[in-house]
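Structure first, then comments.
Number of protein chains: 2
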Amino acid sequence: MDAVQRADSGHPGMPMGMADAAVVLWTRFLRFDPDHPDWFNRDRFVLSAGHGSMLLYSLLHLAGYDLSMDEIKRFRQLGSITPGHPEFGLTPGVETTTGPLGQGLANAIGMAAAERHLAARFNRPDFNLVDHRTFVIASDGDLMEGVTNEACSLAAHWKLGRLIVLYDDNGITIDGKTDLAFSEDVLLRYQALGWHTDRVDGHDPDAVEAAIEAALVDERPSLISCRTHIGYGSPNKQDTASAHGSPLGDDEIALTKEAMGWALEPFEAPPDVYDFMHQAADNGRKARRDWEALVRKFGDLHPDEHASFEASLGGKPPQGWTAKLDGAFETGSKVATRKASGSVLNALKPAWPNLIGGSADLTPSNNTETKDDSDFGASNYAGRYIRFGVREHAMASMMNGMNLHGGVRAYGGTFLIFSDYMRPAIRLAALMNVPTIFVFTHDSIGLGEDGPTHQPIEHLAALRAIPNLTVLRPADANETVICWDLAASLKGPAALALTRQSLPVLDSSAVAGARRGGYVLSDRDDAEVILIGTGSEVHLALAAQRVLDGEGIPSRVVSMPSIEVFDEQPTDYRERVLPRAVTARVSVEAAVTQGWHRFIGPTGVAVGLARFGESAPYQDVYEHLGITADAVVKAARQSLNASRSQ
Amino acid sequence: MDAVQRADSGHPGMPMGMADAAVVLWTRFLRFDPDHPDWFNRDRFVLSAGHGSMLLYSLLHLAGYDLSMDEIKRFRQLGSITPGHPEFGLTPGVETTTGPLGQGLANAIGMAAAERHLAARFNRPDFNLVDHRTFVIASDGDLMEGVTNEACSLAAHWKLGRLIVLYDDNGITIDGKTDLAFSEDVLLRYQALGWHTDRVDGHDPDAVEAAIEAALVDERPSLISCRTHIGYGSPNKQDTASAHGSPLGDDEIALTKEAMGWALEPFEAPPDVYDFMHQAADNGRKARRDWEALVRKFGDLHPDEHASFEASLGGKPPQGWTAKLDGAFETGSKVATRKASGSVLNALKPAWPNLIGGSADLTPSNNTETKDDSDFGASNYAGRYIRFGVREHAMASMMNGMNLHGGVRAYGGTFLIFSDYMRPAIRLAALMNVPTIFVFTHDSIGLGEDGPTHQPIEHLAALRAIPNLTVLRPADANETVICWDLAASLKGPAALALTRQSLPVLDSSAVAGARRGGYVLSDRDDAEVILIGTGSEVHLALAAQRVLDGEGIPSRVVSMPSIEVFDEQPTDYRERVLPRAVTARVSVEAAVTQGWHRFIGPTGVAVGLARFGESAPYQDVYEHLGITADAVVKAARQSLNASRSQ
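Sequence lines, in order, name chains C and F. Under the working numbering, think of the first position of the first sequence as 1, with each following residue one higher. Under the working numbering, think of the first position of the second sequence as 1001, with each following residue one higher.
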């Protein structure tokens, strides 16, 4: 109440309503060590209803995390570690960034899946190295969002019994009572999905405890509806929509404290509350020490497996794996980059036990499965291939959760067009700088017959617009190897855009520069015009170069698989690739041209699309929409004229 | 089979599996007139599983729509009306563009809601002018997608009993058997949502008929699981994943025809099949004539209401409504554009009975409710305010369905950040050119304390990247009126980006040019530098202009509420606003700069963001991230220097 009041913004209602249940969870169940918030085997706690951040900050503060009362006082202020919504990486004890509803719960399901996977990989009799639970507080809004239905269907399919969700069933949303728009039988829906469910008075600590106890022994994931009062304890604001997102006001805070029997100054908490929470933390500290001793003992008895375990936690990609693909693709032969990506996975996945991933029901199209893969699931948690079903959004959000969990590195495939379904989660990967690898195949009108509903036009631009996300669109099989290597090495998320159609394999030595994001692929002395292409369209630029040769116009072809990587190169490198003096420039990409004018300047010509695609064999679509070598040649002449007349 | 074979691509399995059930629906229930595919009171039929397009094309062809066997032969070829996925506006009888899974079913729920709304508005005793049903064929994939859970929860909440979904429960997805990833009890889930459910053998016509009969009399929406065999009738491909998306092959087609007892050439259908389907069409023709007679009789008895009905079907926005807002906003006073948008709705909605809309549980923030609104719902279908709950994706998709239905014009609000949740549906609105109005408030870091999870950075660029979508970001209350007027007049979709924070009201005569997308808002003689701003940042440009005045640098401020509208203006107009000769240019927008270099050129400077936001009072965030008048002044000097040294 006090923090929201001082900030004059925020959400007091949910923290007040769920404090009772949260305290039961934190003091009687949750295993955590405030001194080691990154302890690997800690229980994960996700506040999916991120707007209730002050509940989480209060718990972290009271339990002894490095989050002082001064930070509580600076709630929602610049430079504080108590922002409006919890942010991963900023505040100790925050497991994931939440606020966009549904994401936290789906992240948590990814975490719970990662836990089961690693337990299957590393646990041995008497050595439960990976042995924690995942707890979530979720709101009505979380359960209305479609992404949670997708993820929760999988959670039950995989029997993630160590996942326990406390549902803040307070009957209030921003618009008013939930039954304005939400009259379904939520618990029955979760039973239908395959969950264990329960309903308790969220203000009855023993009832909450008993429900969690029962959930712990159920092999299904559990949803416990906690009937609560939003703004609990406030004489005039309890059970009102206004308690959701508005400060109570000084008078109402005084009345609330009076009603609670608290004679407390603002930002004052009684010492016995600290003592109570610190006791739980001390239990966690002991658990952490016991675990570390267990891991040491494991190391003594099983040094090799211990080394694997430590390596998994380290998370580093393997070295030298690309050597397995040297000479794998014959120059001049035709290979779709999605197929090359499949070859990469067959080389990389055996070399990197952390790598786990799958597809949103497009396995044969995405080439995301390797020949040695087995399916992850309740009967085989050690499996490293994940069948997400037709659930792109949950896939993305769960991959983020897996990568946040650590010990695994998650990738997942779908068509590039369906990146739209995943955008909220892609954005959060970027915001958190979590290294999720998005494998997007069928990356242009080159997918052909499936037509405009399936042909991405705006998606490359839309993905490049996201800060921190590295978009990689290789021009051939060899660039694909390099792009995967870049993606694996990144600290943050990567999106690979791969073709459905076959592309000629370029000489592997010629494409080595792909590592720098953009490079001179094919040059002529005193080039007068620069042709910049990405992915499949690089081959149009190369074909155009040959035509221009015949016309006596020397040109340079720049392949630009990643604008983000290129932008990070030193100025002098970028100047060498795109010399200021050459102002005749053409970009070619089978997509909207948005963003290319930065590279081609006012006398440049962008060959691209300003409309949706067509259903037809892909060669016909390219021709019909004017994405051709001829169009690049014409654009080159036009740009040369424009630059000469400047 | 034949069409997929000739195209050498497509999806034979679903059309073969659902043909039995579809024929029952089309011949015994569906009310349609092939000669008048746009007959208003026709039953709506949505093939949500759009990959089964050949089922729909076959039905349309056999029933006598203007879809010849030649077009069937040109399946998936350039210029045909039989593209890979059904496309609204291209093929008669196609009610909505489907393929991206989940969208069709959610569209259909919007159609069914529109039907109930219009029935409540216009039907009178003995005059059921609006009285049709909405039928859907949906697949496993549709029901896995989160958007359908969102929309189906609302369908039950609103008791849309005239909605009947045939679920193609064939147990197969692209990856293999559905139980690889989908083991929930789907019917129980739908019961939990509040649906009537049933399960039948999808190859038993009488069972399908009986289930539809029972569904018709249930007041709840109905989901009928049709247990079917994918690729039904194919001796070797039936019940296999390969039947989903691959041609059967000539040999297998021959075997299938043999097994079916058909001695038919490719693309041959027996005359009695045509006769059978034409009979159903004739029933529909009669129903259409009866309805037209009813409407005429209604016109005789109730001329005013008849005129209203016809006007609603016409769909035109009212004229002159903006006059109500003349002088509503005092120049120099401070009004958030989201508040101005609320004022617009209070003026526009009473003048335009078609306008219906709401918010995804952000009503008080989005200002989407007017003072006379009442909630749409089972007890008040005439209500014009829609509480979508925390279901942005379903909101967008259902709005598309409402607008496709006709007779209404749907708008819906959420925060701009959550446009990410809606992108698949926004894209389809653009692809179909359906005039959905997306109201996005809290459009920048100006939302302040809620922080980076809620501050859109990349969303303006990402929306502008979508072809056919008009993005409108007004700079003040008066531009907001103009932008709403533009949105209401568009044939296609519009996205309004509106501020949370208050902005000074500009002189209404000065902003009249907003109608042209971009215009000179404030000019100086012989301006040496052009400052281009959108929305709230126009005021930074104006402040910078005053500073530059003091430095003796004459500048021009261009307000650019809509790049798309500006791009449509004649060249000479655009040249007048942005004269080629003035190469010193600055753009300012509190967002990624992607897309602005097209306007500012190589000597221009884009003031914007290349990172995510911060949680703090909004003035602090602007200052901290360098989106200030000072930054614009500095950029102006920098651009002047660069342009002079060219």
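All residues carry an ideal CB built from backbone N, CA and C; glycine is no exception.
Decide if the stretch 1334-1348 of chain F is in contact with the stretch 1473-1493 of chain F; the criterion is three or more beta carbon pairs, one per stretch, under 8 Å apart.
Yes, the stretch 1334-1348 of chain F touches the stretch 1473-1493 of chain F.
How would you label Asn380 (chain C), buried or exposed, when you count the other beta carbons within 10 angstroms and need 16 or more for buried?
Asn380 (chain C) is exposed by the Cβ-count criterion.
Just mark Phe388 (chain C) as buried or exposed, buried being the case when its beta carbon has 16 or more other beta carbons within 10 Å.
That one is buried.
Taking Cβ-Cβ distances shorter than 8 Å, what residues in chain F pair up with Met395 (chain C)?
Within 8 Å Cβ-Cβ: nothing; Met395 (chain C) doesn't reach chain F, min ~10 Å.
Run through chain C and tell me which residues come within less than 8 Å of Gly1052 (chain F), C-beta to C-beta.
Chain C residues near Gly1052 (chain F): none, gap ~13 Å exceeds 8 Å.
Does DSSP put Tyr1057 (chain F) in a helix, in a strand, or in coil?
Here Tyr1057 (chain F) sits in helix by DSSP.
Would Gln1569 (chain F) pass as an interface residue toward chain C - the criterion being a Cβ-Cβ separation below 9 Å?
Chain C, which has no Cβ nearer than 9 Å to the Cβ of Gln1569 (chain F), makes this no.
So with Cβ pairs under 9 Å, would you call Ile1445 (chain F) a contact of chain C?
No, Ile1445 (chain F) lies away from the interface with chain C (no Cβ there is under 9 Å from its Cβ).
Using a Cβ-Cβ cutoff of less than 7 Å, which residues in the same chain neighbour Ala347 (chain C) once the five nearest sequence positions on both sides are dropped?
The answer, listed in chain order, is Trp321, Lys324 and Leu325.
Mapping DSSP to helix, strand and coil, what is Lys1371 (chain F)?
Lys1371 (chain F): coil per DSSP, three-state reduction.
In chain order, what residues of the same chain have a beta carbon less than 8 Å from the beta carbon of Glu1564 (chain F), not counting five sequence neighbours either side?
Only Arg1464, Leu1469, Thr1470, Val1471 and Gly1517 meet the Cβ criterion.
Using 8 Å for Cβ pairs, my map puts Val1186 (chain F) next to Cys1226 (chain F). What's the rounded Cβ distance?
With 8 Å as the limit, Val1186 (chain F) and Cys1226 (chain F) do not qualify as a contact, their Cβ atoms being about 12 Å apart.
Under DSSP, the beta strand (DSSP E) around Arg44 (chain C) begins and ends at which residues?
Looking at the DSSP string, the run of the beta strand (DSSP E) that includes Arg44 (chain C) is Arg44 to Leu47.
Between C:Arg637, C:Glu614, C:Ala636 and C:Ser645, which has its C-alpha nearest Gly1084 (chain F)'s C-alpha?
Of the candidates C:Arg637, C:Glu614, C:Ala636 and C:Ser645, the one whose C-alpha sits nearest the C-alpha of Gly1084 (chain F) is C:Glu614.
Note down, in chain order, each residue of its chain lying with its Cβ closer than 7 Å to the Cβ of His36 (chain C), except the 5 sequence neighbours on either side.
Answer for His36 (chain C): Arg288, listed in chain order.
What residues in its chain sit with their C-beta under 8 Å from that of Arg500 (chain C), if we drop five residues either side in the sequence?
Excluding residues within five positions, the ones whose Cβ falls inside 8 Å are Ala336, Arg338, Ser365, Thr441, His442, Asp443, Gly446, Leu447, Gly448 and Tyr618.
Identify which residue in C:Gly377, C:Pro456 and C:His405 has its Cα closest to the Cα of Arg1423 (chain F).
It is C:Pro456 whose Cα lies nearest to the Cα of Arg1423 (chain F).
Please list, in chain order, all residues of the same chain as Ser522 (chain C) whose beta carbon is under 7 Å from its beta carbon, the five residues on each side excluded.
So the list reads Leu542, Gln545 and Val557, once near-sequence residues are dropped.
Return the first residue and the last residue of the alpha helix (DSSP H) that Asp1669 (chain F) is part of.
This structure does not reach residue 1669 (chain F), given that chain F is present from 1001 up to 1646, and the question cannot be answered.
Quick check on DSSP: helix, strand or coil for Asp275 (chain C)?
Correct three-state label for Asp275 (chain C): helix.
Does the stretch 141-155 of chain C come close enough to the stretch 1137-1146 of chain F to have 3 or more Cβ pairs within less than 8 Å?
They touch, by the three-pair rule.
Whole alpha helix (DSSP H) runs in the stretch 1487-1549 of chain F with 4 or more residues, listed along the chain?
If we require 4 residues or more, the stretch 1487-1549 of chain F turns out to have no alpha helix (DSSP H) run fully inside it.
So Ile164 (chain C) and Ile109 (chain C) are supposed to be a Cβ contact under 8 Å. How far apart are they, rounded?
That pair is no contact at about 12 Å.
Against Ala1647 (chain F), what residues of chain C qualify as contacts under a CB-to-CB distance less than 7 Å, listed in chain order?
It is not possible to answer for residue 1647 (chain F), since the shown part of chain F is limited to 1001 through 1646.
Could you tell me which residues DSSP pairs with Asp1168 (chain F) in its beta bridges?
Answer by DSSP bridge pairing, in chain order: F:Ser1139 and F:Cys1226.
What three-state label does DSSP hand Arg162 (chain C) in the structure shown?
Correct three-state label for Arg162 (chain C): coil.
His454 (chain C): which of C:Pro34, C:Ser489 and C:Leu416 sits nearest, CA to CA?
Nearest of C:Pro34, C:Ser489 and C:Leu416 to His454 (chain C), Cα basis: C:Leu416.
Cα-Cα, which of F:Ala1181, F:Glu1184 and F:Gly1194 is closest to Gly1161 (chain F)?
The candidate whose alpha carbon is nearest that of Gly1161 (chain F) is F:Gly1194.
Roughly how far, in whole angstroms, is the beta-carbon of Phe298 (chain C) from the beta-carbon of Leu129 (chain C), given that I think they are within contact range, below 8 Å?
About 6 Å separates the two Cβ atoms, so the contact holds.
Can you pull out the residues from the stretch 1619-1641 of chain F whose beta carbon lies closer than 8 Å to at least one beta carbon of chain C?
Going along the stretch 1619-1641 of chain F in chain order, one finds Asp1620, Val1621 and His1624 with a Cβ nearer than 8 Å to chain C.
Mind listing which residues of the stretch 1168-1179 of chain F have their C-beta closer than 9 Å to chain C's C-betas, in chain order?
Listed by position, the residues of the stretch 1168-1179 of chain F near chain C (Cβ gap below 9 Å) are Thr1173, Ile1174, Asp1175, Gly1176, Thr1178 and Asp1179.
Verify whether the separation of the beta carbon atoms of Gly650 (chain C) and Arg409 (chain C) is less than 9 Å.
Here chain C comprises residues numbered 1 to 646, so residue 650 (chain C) is not present and cannot be evaluated.
Taking the beta carbon of Ala462 (chain C) as the centre, do at least 16 other beta carbons fall within 10 Å, making it buried, or is it exposed?
Ala462 (chain C) is buried by the Cβ-count criterion.
Pair every Cβ in the stretch 2-18 of chain C with every Cβ in the stretch 240-254 of chain C, then say whether three or more of these pairs are closer than 8 Å.
Output reads yes: the stretch 240-254 of chain C touches the stretch 2-18 of chain C.
What are the start and end residues of the alpha helix (DSSP H) that includes Tyr190 (chain C)?
Its alpha helix (DSSP H) spans residues Val186 to Leu193.
Under 9 Å between C-beta atoms, does His132 (chain C) make it to chain F?
No, no contact with chain F.
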